[in-house]
Amino acid sequence: MNKLVEKIIEIIKETDSLDEKVSLINNIKEKLHDVSPFSTEPVDCVLWVNSSNVVANDYNPNSVAPPEMKLLEHSISEDGYTQPIVTFPRTEDNKIEVVDGFHRHRVGKESEIVSKRIRGYLPIVKIRPSQQDKENRIASTIRHNRARGKHNVQSMSDIVIELKRRNWSDEKIAKNLGMDSDEVLRLCQITGMAELFSDAEFSKSWDIGYGDDVSDIDFEEVENESEN
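Rendered as structure tokens:
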């Protein structure tokens, strides 16, 4: 067994091209993942891919303020990448779409220090095959976000409407997005109301956090400000 491992290491060391070396290591990881007792867990197989192939999704409602982005960049600069980017491999254009980790992916692309250190690559895991259709990817993104971040109210409302168009029941939306039925109902109703108050000063920073409720009082406060 040790001789086999040593042989593999020797082959990797003798591979001169960075791209070929990364591809070889990724291939080994994927083969090991196939026979791993943890093959159902995406984190069991972290791959390194060229950052130019990783693209954002078109629905992420998570918002991060500039100071928090700077802190994230500092964290990755000091601690390294401790969390891979959760992704979905698109077949139509061979791009890798971000499901969770949009801001980590931005740091890897936009931070000169980080990008140079990781040689233009990004660490990714692939979302489970059972979660790869769009509505399940959307739900997965929201679940990741709600555990730690904020959501723009309008974006969250748009996502709920999109899922309802895909014939998701309120109960299914609530279960998969970590909401209660009242929150789903409010987000359905917000679609027109958010546009109504789009010019209000309060709306510029009106984000809904994990566990926050949007009440009728919230709307009354915004309406009063818009009239003053």
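In our numbering, the protein residues as written are 1 to 228. The beta carbon of each residue, even a glycine, is placed where N, CA and C say it ideally should be.
Margin query: In whole angstroms, give me the CA-to-CA distance for R165 and E135.
Written below: Counting only the Cα atoms, E135 lies some 10 Å from R165.
Check: Does the Cβ of M1 have 16 or more other Cβ atoms within 10 Å, making it buried, or fewer, making it exposed?
Finding: exposed
Notebook entry, point to check: What number of angstroms, rounded off, separates the C-alpha of M179 from the C-alpha of K3?
Noted result: Taking the straight line joining both Cα atoms gives about 53 Å.
Next item on the list: Indicate whether the contact test is met: 3 or more Cβ pairs, each with one atom in the region 49-62 and one in the region 90-98, closer than 8 Å.
Entry: yes
Next item on the list: Evaluate R104 with the Cβ neighbour count: other Cβ atoms within 10 Å of its Cβ, from every protein chain shown; 16 or more gives buried, anything less gives exposed.
Entry: buried
Note to self: Less than 6 Å between C-beta atoms, sequence neighbours within five positions excluded: which residues of the same chain meet that for R137?
What the structure shows: F88 and V99
Notebook entry, point to check: Among the residues of its own chain, which have a CB less than 6 Å from the CB of I8, if the five just before and after it don't count?
Noted result: none
Next item on the list: Report back the beta-carbon spacing between R143 and L185 to the nearest angstrom; my notes put them in contact at under 8 Å.
Entry: At roughly 20 Å, the Cβ-Cβ gap does not stay under 8 Å, so R143 and L185 are not in contact.
Notebook entry, point to check: If you count every other CB in all the chains shown that lies within 10 Å of the CB of G101, and 16 or more means buried, which is it?
Noted result: buried
Notebook entry, point to check: Beta carbon of E68, beta carbon of V114: below 8 Å?
Noted result: no
Item checked: Neighbourhood of V64 by C-beta distance below 6 Å, restricted to the same chain and skipping five residues each side -> Here the set comprises H103.
Checklist line | I11 burial status per 10 Å Cβ neighbour count (16 or more: buried) | finding: exposed
Next item on the list: Determine the DSSP secondary structure at T87, reduced to helix, strand or coil.
Entry: strand
Note to self: Is it buried or exposed, V107, if we count other Cβ atoms within 10 angstroms and call 16 or more buried?
What the structure shows: buried
Note to self: Please report the distance separating the alpha-carbon of G80 from that of V49.
What the structure shows: 16 Å
Note to self: Taking 7 Å as the limit between beta carbons, can you name the residues of its chain near V22, skipping five residues before and five after?
What the structure shows: W48 and Y121
Notebook entry, point to check: How many Å lie between S155 and C188 at the Cα?
Noted result: 11 Å
Next item on the list: Would you mind stating whether V125 and V86 have Cβ atoms separated by less than 8 Å?
Entry: Taking C-beta atoms as the reference points, V125 and V86 count as a pair closer than 8 Å.
Next item on the list: Have a look at E92 and H33 and give me their C-alpha separation to the nearest angstrom.
Entry: Near 25 Å, if we compare the C-alpha coordinates of H33 and E92.
Notebook entry, point to check: What does a CB cutoff of less than 6 Å around Q131 pick up in its chain, not counting 5 residues either side in sequence?
Noted result: S140
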